[in-house]
Every structure is written in C-alpha cells, then in structure tokens.
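Okay, structure first, notes after.
Protein chains in written order, with my numbering: chain A, 118 to 464; chain B, 118 to 464; chain C, 118 to 464; chain D, 118 to 464.
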C-alpha cells in the first residue's frame, strides 16, 4: 500500500530533508506540505533542490490541513508541536522532528527549554542500546515518534555501548562537536550569516547550557549509567552539514583493550547505519554526507586514561530526517533501510 | 639600527608568514630568503601575496648562505634545524620555528619525534606562566629561541593560569581543537587536498599520538602542575588558518567561581596579545585572523565539574610566526608589539 | 539480467562517483575495481564514503583484469584509455570517463592534448541537440561511449538550444565558470591543497588554453553553429563539487524575447535531467549536489545585447559519472534515469 | 597633527573595516562611532575582532553626534547618506562609503536606485584613468569623497587602461565576478545565511540589473570610451571576502599584443596598490586579503578575439574601506599608503 503523508515546516531545513528522503520512498505519497509565513507559495521557491516536488504548494500549518493523512511529520520549532497533538489524534502515525516529545523528565524540560511539558514519545534512534535491548523494538509498535536531537543522538550512539558494557565511566564525559550551521535551522540570526561563518570556528552554548545535554543524559541512563555528567561544547565550523563529535570518557579500571573494543563491536556489528571503523581509522563528515550512516572511530588512550570516540553523522539525515524515516519504516513494518543510503556523497 | 635577516624555508607557510610580518617591521632588513627544492626561483612565485618582496630570489638553504646575518629564522621540517646549529654559531640571534629545540626531555623527543635530540632553546611564548614569573623574562636575554608548536602553545596558554593558581586539575585534561590545514604546512599529502577538506571535518592523530602533547605537558609542569595527562584531539576544519581550542579540566574541590576567574584575570590582565573575554563571551578564529592575539573565553560548568576554556589563535601568527617576531622583539630590546597587530581581519 | 562491471581508476574521484552511483543500481554487479599505484589495497581506504563496497580490493589496471565483464568503465588520466581499446574488444560496452575518445578532430586533439589520437566514441550527453535530433539517439545503439568533460558539457548544454534555434551568435561566446577542485582529480599539486583553495577564488587556464574548449566547439557546431569562438575562464572556488557556468552570447538581431526563451523551453521541456528555470530564477550548485540534474537560468539582457545563461551541475555527476551511467542506461535499454536522482542534497 | 574622526554605520562590515584600518593610522584619533539600532552597545559586541577599540560605545547616528569632527565617514545603506550632507556642512572632510554620491547621472540613479538624487562627490579610486590624468588629482583637493562600489571599481580598474589606450572595445564587455558575501553587508536575508552559502556558488542580479553597472559605465566613459555596454554577473562563492573579476572585451582590430600589454603597464607601472602581474600569471583573492591591493592578470586570447582581465581585490579594503582611507590620505596631504598594506594575508 501507499501511505499518504503531510510534512509541516516544509520550508525549513529539517522539513526539506524529510521531503528529500520521502521523495525517493516507493511506499509514500507526499500529499501535503505546510508552512507558516510562507504558506501559499510554491515549495520549490524555498527548496529549490527538490525539483521532483516542484508541483507542490505550501499550505498553512493547521490541525485541519494536517489531519486526514496516514502519517504526519512535524518539523516545527520546539514548543509548537504539542499544540497539534490532540487534533492529530486520529492520524495513525505522527513523527515529531522537534524537541517537544523527547524528554522523559519534566524537570529537565523546565531547566533547558521551559514552557509546557509534553509526554515523551518513542525515541527515534533505533540502534541505541537500552536496558532491555535496543530502541528499535520500541519503534516497531510506536504510533508517536520523537526524532532525536542531532547532537544528542550522535553523542549517545558514540558512548552507549561503552556505558552499557561498563567499560567507561559516564560521570565525567567530555564532548566537543564540530557542527555545520544547518542544525540551527533557517533562522535569520546575525551569527548564522555566511560572512560570520566562512573561514572561522565559532563556539556556542559553552559551559553546560546546550539543550541536548539532558537528552544525552537520558539516553545514557537508559543504557545503564548510574550518573551522567558531561562537558558539552559545540563549535560551528564552515560546512553546511555534518557533525563530528569527539567524545571521551575515562576507562573503567581493570578493563582490557579487547573488552573496550568488543563493547562497540558487539553493539554495532550487525547494524547497517551505525558502523565501527577498524582500529586506527576515524571518520570524516564528508563520508556520511547525505547518508543515514553514523561512522564511529574508537581510540584507547592509556596515557590519558580515556577512550576517545569520534563519530561522524549528517545532522540532517541520521541526526534528524533519516532517523525519522528509519523510525517510520520500523513503525510501518517496512524494511528499515528503505529510501535511506549508506554511502556518503564525497568528496 | 637595522638588523639583517635571513629566513629559511621561505617558500612554505611558516616562512611566508614570518616574511609577511617582517616586511612591516621598521627595524628589519630582509636580506636573504632560502629554500630547498625551490632554490633559484623568485620568492613571489611561491608567496604571491608578498608583493613588497617580489624582488627577492630564493637561495639554497646552506649554512654559508644563512651565516653572516644578525638574525636567522629557521622554518624547516623538524629534524632539519639541528644541522645548522653549529654552523650558525656566530649569528647573534637564531629563531627556530620547528620542533627541534622545544623539548627539554630527550625521552619525550624519542617517544614522539625520534632521531637526534637537540638542546632546548628559550621557548617563544612570552605570556606563559612559569614557576618564577613568565616566559617573557627568559626571552629578553635569549640568543637562541624555539618558537612554539601552534596547538601546544594555544592549549598551554589556555590552561596555565588555572594550573599555576591551583584551581584546576592538570591530571585529566581534555582538549579538542578545530584547526585549519595551514598548520600542516605546504605538504603534498592526499588528505590535505582541497577536495578532501572542503565541507568536512576530519580528525587526525587521535588517541594520544600528536607531537604537541609533550610540549603541553612540559609547559604545564613548568606552570606548577604535578602531573599532566591530556586527551588531545585535533580536527581539521575548512578554514585555511586558525585554531579554536576547547580545553576542559576538573575544578579543584573547594575553589569558588571568583577564584577561578581571578586566576586568568591575574595572569593576562596586563597582556596585549593574550586577552580574557568577559564572562559569557567566547572567541571565534576570525576575530584573530592575521593578528598576534590569543582570545580566551572561560566557562565554569559546575554540573560537569569542569572549567571549559575556549581559545582562538591564528596558527600562523600567534601560533608560529607572530610568536617568533614577538620573541625576537624581546631579545632585541625592541617594543614587544612591534610589527604585530592586535586586531583581526574579519569578517 | 544483472550486468557485471569493472571500474578502473577506482581510487580517484571520477571512479569513486561511478561506483557510488552503480552501488545503487539494481541491474549492476560491481565485480572488479582497479587502480595503479594503489592496487592491492582495500577500496574503502581510498573511498571511505563507499561503505557498501567495503569488501572490494583494488586490483591492478590491466587489460586482462578488465576483460570478461559486461561493462567496463575507464576513469583514467587522458592518454591512458586508448591503450585498453584493443584489449577490450570483446567487452560489450566500454565507457570512457577520460578525454581520449571525445574529440572528432585530430587537429584539435593535437592542439589541446597531444599524443596519439583515438577515434571518437558516442558522446555521452543525451540531451544535447545535434543536427538530427538529440545525442540520446546515438547512445541507444552505442557500444563505446565517451563521457563528457564536465565544463564542456555544462557550457554546451547551456547554449546549444539557442544556437540550434538561431537566436544567439556562437561566434563570440564568453563563459566564466566557478568550479570546485574535484574536477581536477585527486592530483597532488600545490595549487589544489586545501590551504590554497579555502577562502579564495583562483583562475586557471585563462586565455584560451583550457582543454574543454574544442569539445564545446565541436558540440555547438553539431548543434548548427557556423563558427564557434569562445572566451573561456574557469575559476576554482571553495566548494568540493559543482560547476556554475555563466555563459553569454550576443542576441541575433530581430529575434524576440519569446523566441529566445522558446528555444530553451522547446529543447528541454520534456527532459528530466536538464531543466530550464522560470524567468527570473537562477540556480545554485547546491541545488544539484549529488544529483544528475543540470539547472538552467536564462536572462535576456537587451542593454548588453546578450543572452546570459547560468547553469549549475555537479561536476562529478551530470558532469562525469552521472552522464556515464545515464548513457549506460540508454545503451542497455534500461530506463534512462535508473540509479540517478533529480533532487540535490541541500543545504 | 591628529585628525578626529567619526564613523557611522560602525556596527556593519564597511564601518568595521574603516575602523580596522584607522586603528593603525598614526594621524587619526577615532573619537566617535555610531549606529542605528545598536546604539548604546559596546562596539566590541558587534566587531569582536577590533580589540584595540574595545573601549568605544556606539552612539546614535545623528547629525549632531557626527558634526564637530575633522573627518566623518558615512557607512550607511544607500539613500541614507544624503540626509546628513547639509548638517555636516562644517565638517572639513566627509567620506561616504555608500552609493549616494557616486553617480553623475540622475537618470542612472533613477533607473538603478531610485529616490532622491544627490550631487556627485569626488570618486575615491585614485588610480583610475580619466581623460585628464588620474582620479588621484581630483582627490587631492576634495572635501567630499564618494568611496566606490566594490564590484564597480574592480571592473573599472580592470578595463580602463585598455579603454583609454583604445586597444579594446568597451561596447561589448562581459564581466563575471566571484564575490564573497561581506559585500552585501550584515543583512539578515535568507540567501546570505551560512547554510545557503557554504559549498555552493550562487548568482544574483543576473541580466543587467546590478546597481554597479552605471558606475562602471561612468568610469569607462571618463576613461575615454564612446559607448559602454556590459554584461555583468556576480556570483556569490564561499569566501567571506574577496572579488575575483573576470572581464573580457574585444580587441581593437590591428593592435598588437605589445600595444595591448603596454596599455596596462603604462597605466599601473608606477602604482603601489594596482599591480599588473607578469604575462601568464593571474591573481587569487587570497593574495590580497586584508590588503589595499588590486592584482591584475592579463591574457590576450586571439582565438576568441578578446582580452581577458582577471582582477583580485579585497572587497572590504580596496573595494571600500581601503579606497576610503587612501582617498582620505590624499585629501589630507598625507602619504597615500599610510595605514594600508600591500601584502595580503595568505594562505
């Protein structure tokens, strides 16, 4: 069968990437695209790369427009998704690319976001280790899915195997991420101007204020950590897409190099979209551009007493839209990799 | 008086930057420029931006050619500077931009470089805190100066105040650096091609193998640390120049936020070229492009239990050539800031 | 049926892109990949983004290794393809991504390339207007195909409709192209280093020396021009991929704006991969990144007396590998768009 | 003596670059900086690279605040400078970095800008050939100066020597420019976002609509052309600064290569900031980054019947702020090159 889909926030970056992937999905009919201020305009005016969707016109984002589809994607600023929840009660599958349904702790929501707290939905990172297996199992039966924060899922996937296996200590993690600006959306802010980004590296949300921190904590607690403390620093660098996350954690006393490496091998050895590179190899973001792949390089630094995990993802694919589609495939009972690619577009 | 200068390695990036700065120095006459394989060619062919030096021709790098100047700059691959030491015995001031004379420990040299160990020279980072004041004092009387490694001096300047003041713990440092490829020199290696660097972030020397690690350890031990252990990961990002170093260390139990911040304020409050930004502000590499300035942003992350220091430098200026000229000015008794700029070229 | 394929030059950029596209082609089995100096090494070491092909090992590029496949792709430096022609006589379909079989004029070959002249093969630009229709028809029956030069096909597709319709004058064309360095291949040349390309625009082959000039002349003569003269200037800009070609030609006296626009509309109105944008719209290279699409914007500048055509392509896809696969599909009788995408990867 | 200066528009890119250059000028005291919406804030918040000016606070841009200085720089959007003209009647020297006082033709102003036409001021391109010498002479006695449009002065300097010498035909010029986004100012427009600019080339104002066209026509008419027609296409490329202008014009029948080259050699042989490169050499924008230099490469393409001139400038220096300072130096009787550099910051 073919499923009808509506995508809200279709003039933004997350919405555009959801559409790019859905346009190549044989089981999907993109019936409706919506926006706020751009409603009434042709989609192609805002997404000039989506040539195959040039016939679509942006409609207004209202519950009425979104209802009546088999699947609805919400790609809205955080705080906005929640208002559609009730109105979309009859929609069989709703996937939120925003933050509103990610956190299980209302205290964390209050501390990092604020405003109305919404119930958590199934978290859209299939490969993530949880206490009782992997997140994939929860997604197979989900009707409501929260796609992850791009930085959060990248760090969580980086470290969850070691945490679950007990070979690293989650109480003193340090993560520094080189990130492209598309993760910040199509916002008209001075620091996101090209002149401000070209040729420079620019840190932001330094010192424990980034909103993805509680999401990482939640994921690593689910993976088995007792206590998760993380020094988290994202740095904008001059590439449109991509996250290269360098994460380190102290090695648990007594574990061997083989035990450490085995933790990640066991976790991801059978995965298509999360791959551990051979010892000594580390990924570049270019290797996963446009792909749904997270590539992980692992170093054991005994002099520093730390494991260093370097993970590359495309923030708009594995970090957002690809995670959403992969989760959708699971929820629909389709092959998990449908419409998603493993190979990046490089150079 | 005017000092005559010879610059070896003049067709490379470090040599070119030394020449760019010297070309604006009123007390210097650039008399000789040398190279290896490019000897005999016009300098302008290899440094097309140095229009005011278009009259110079590259000579062969031999002891005879370099001797007979008041000052000699060696901008050669590591392992090569040492062979000129004896032959340049009569030259009043020799400044090595390479690694050969940086390390005091032959064991560290063997572990990270290998080959013949050379005696350490005065380390060209004037603002660096040492046990008995600042490195500046040693440079005032120096005849032989080792310019620093760009990543090393950036991290050392980032953390030395906190180490010296005892407010952070040097035994579990994590540094991740976004760096431009010019730090790797004009080497014809596949991973340094533009196609491999544009649009991507690329880690290298992951897991404790980077040669600047012992240099950082040496500097922080001199600043008063008992034990220095560092997880160090550089990441190539698509900007020709610049280092943005994010360094974290655990906060010493019991110290207050005021004590922490005071450590950096006291260390750099009177410095021209190393400046602490106000609380909440963090630097971009664009802010120091072409300038001899290190800008430092400091965050105190109590949830993570760590101080985060983000420092921006231009790797070719404050990281290499600017450090060399600043040290030269000190050794010659000239104003320390001569021919050096504080303001960056941005956007 | 499934066709077996060998790809030579598989460690380079053109070869890598052919493999990326073939990896998603349901009718193709990639059996053999070859290289010269890298023979014996895993393909993944040189193409780390091609995760689905991690099992392949580079073999030596010899006629014996290449023979015995249904299809052979030659992605070799110009002057090298020719030596395999005889040895591959039994291979049903050979596609050369190099220049050896593109030119019909041995005089042009001598003037711009030199060395042995090889017979021309069917030119792999299906949408190109020729005197008797489109190049597509020739490809349907081809056994030997020459994929185009990326700059050449971009300019030829830009102007052929106007030339064929007689609305522009081919005797005084000016084309200036912003190009990414991947078009120059994975060559270890100083001007292709990242430090030399980041943050700068760099012209090359200025003044009529670029090797794609005769290829453009040949195509536009085939489209009906009497005389083709072109001022052609490529400019390297800091993006890994992409060509943005700005081409202008004088308007034929007496033609109306409607006639001009109709020339392009008629030529490309039914095409999937070459699309004319609405009046007032112009393409960006990001819009076609990773896609086989050429997007064309057309302006009629009466004050200057010229038509300006701005065309964006991905040099590695529509410019090289996509053209090769599209031509292969035609020669095999498969749907022309198989394994090729229309939508770009943006932002 | 020291001249007191006020700079309006000080939070923008042009204003910031004027300040960067003035900060190194020994005869200037920067007394006042002004802005509109940012008035009341510290300058350093908007120009974090101008560390030496961290003590300055942005005042409101009013005639009263600007009056009472020896020199006033207006770095405002076009249409705004004119309102200050009367109020600044007593200011000895006023330099407008905007367009309001550039054009001599009110018809051109109406066609390309619209709104109130202001009287033309002395045009701030000292090296530009005019009928009676060079523009420099007019600037020596000027009290009111209009700094040039960056694209306009680049193209005018490129072609004026050939036009004045009669070796090229100005009636069919084609110019295509690779430009960085800083030329568009710090405007919050979607197409200027980093995500939209990184990794892509993006044409704008295609087909004869760019506002710098009449400024080029005016300059080349002043250089001696009878008729100036120009096809002008700027292309945004991923570099913060820089213009690489490729301009071509048909060769006048009968002139020799020597005559052509002599036109440029004679025009610029004695100039410091406009330099003709040797035959076969062409400039990169990196070669002039941060410098006041225009580098010109010249090719004579007999096959195309055209001269190709490739010129690199830093749009914010030689294109705007450097031109303003150079003109100011002339008007003040100071050495023309004071506070300006010839050498670029590369790589």
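Where is the CB? At the ideal position from N, CA and C, for every residue including glycine.
Residue contact with chain D for residue 462 (chain B): present (Cβ-Cβ distance below 9 angstroms to some residue of chain D). Taking a cut-off of 8 angstroms on C-beta distances, the region 195-206 of chain D does not touch the region 146-154 of chain C, as fewer than three cross pairs fall below it. Residue pairing by DSSP places residue 286 (chain B) opposite B:367 in a beta bridge.
Under a 10 Å Cβ-count criterion, residue 172 (chain B) is classified as exposed, with fewer than 16 other Cβ atoms of the shown protein chains found around its own Cβ.
In the three-state DSSP reduction, residue 462 (chain C) falls in the coil class, being neither helix nor strand. Here residue 415 (chain B) is near residue 396 (chain B), since their CB atoms are less than 9 angstroms apart. For residue 404 (chain B), the closest Cβ of chain D is nearer than 9 angstroms. Within 7 angstroms of the CB of residue 459 (chain B), the CB atoms of chain D belong to 168, 169, in sequence order along the chain.
Here residue 118 (chain A) is exposed: its Cβ has fewer than 16 other Cβ atoms, across all protein chains shown, within 10 Å.
A distance of 9 angstroms or more separates the beta carbons of residue 253 (chain B) and residue 238 (chain B). Interface flag for residue 302 (chain C) against chain D is unset, since no Cβ pair is found closer than 9 angstroms. Secondary structure of residue 321 (chain B) (DSSP, three-state): coil. With a cut-off of 8 angstroms on Cβ pairs, the region 265-284 of chain A is in contact with the region 433-453 of chain A, counting three or more such pairs. By a beta-carbon distance limit of 8 angstroms, residue 399 (chain D) does not contact residue 391 (chain C). Their separation comes to about 32 angstroms. In the DSSP assignment, residue 121 (chain A) falls outside any alpha helix (DSSP H) and within the unbroken beta strand (DSSP E) covering 120-124. Going by C-alpha positions, residue 307 (chain C) is about 35 angstroms away from residue 181 (chain C).
Residue burial is scored here from C-beta neighbours: residue 419 (chain A) has fewer than 16 other C-beta atoms within 10 angstroms and is therefore classed as exposed. Scanning chain B for C-beta atoms nearer than 7 angstroms to the C-beta of residue 357 (chain C) yields 312, 315, 316, reported in chain order.
The Cβ of residue 164 (chain D) sits closer than 9 angstroms to at least one Cβ of chain B. Taking a Cβ-Cβ cut-off of 9 angstroms, residue 321 (chain A) has no neighbours in chain D, whose nearest Cβ is about 13 angstroms from it. With a minimum length of 4 residues, the unbroken runs of alpha helix (DSSP H) contained wholly in the region 149-181 of chain A fall at 160-163. Beyond the five residues adjoining it in sequence on each side, residue 261 (chain D) comes within less than 6 angstroms, by CB distance, of 211, 238 in the same chain, given in chain order. In this chain, the alpha helix (DSSP H) harbouring residue 257 (chain B) covers 252-257. Counting only runs that start and end inside the region 398-445 of chain A, the beta strand (DSSP E) elements of at least 3 residues fall at 411-418, 423-430. Fewer than three Cβ pairs drawn from the region 223-243 of chain C and the region 132-145 of chain C lie within less than 8 angstroms of each other, which leaves the two stretches out of contact. In the three-state DSSP reduction, residue 229 (chain C) falls in the helix class (H, G or I).
A residue is called buried when at least 16 other Cβ atoms come within 10 angstroms of its Cβ; residue 236 (chain B) does not meet this threshold and is exposed. Between residue 197 (chain C) and residue 215 (chain C), the beta carbon gap of about 7 angstroms places them in contact (Cβ cut-off 8 angstroms).
Chain order gives the chain B residues near residue 399 (chain A) as 320, 323, where near means a beta carbon separation below 7 angstroms. For residue 437 (chain D), the CB contacts under 7 angstroms within the same chain, skipping 5 residues up- and downstream, are 131, 134, 214, 264, 267 in chain order.
Ranked by Cα distance from residue 366 (chain C), the first of C:359, C:347, C:353 is C:347. Spanning the alpha carbons of residue 451 (chain A) and residue 123 (chain A) requires a straight line of approximately 19 angstroms. One Cα belongs to residue 234 (chain C), the other to residue 223 (chain C), and the distance between them is close to 6 angstroms. If you draw a straight line from the Cα of residue 429 (chain D) to the Cα of residue 284 (chain D), it is about 22 angstroms long. Within the DSSP secondary-structure output, residue 292 (chain D) pairs in a beta bridge with D:349, D:364.
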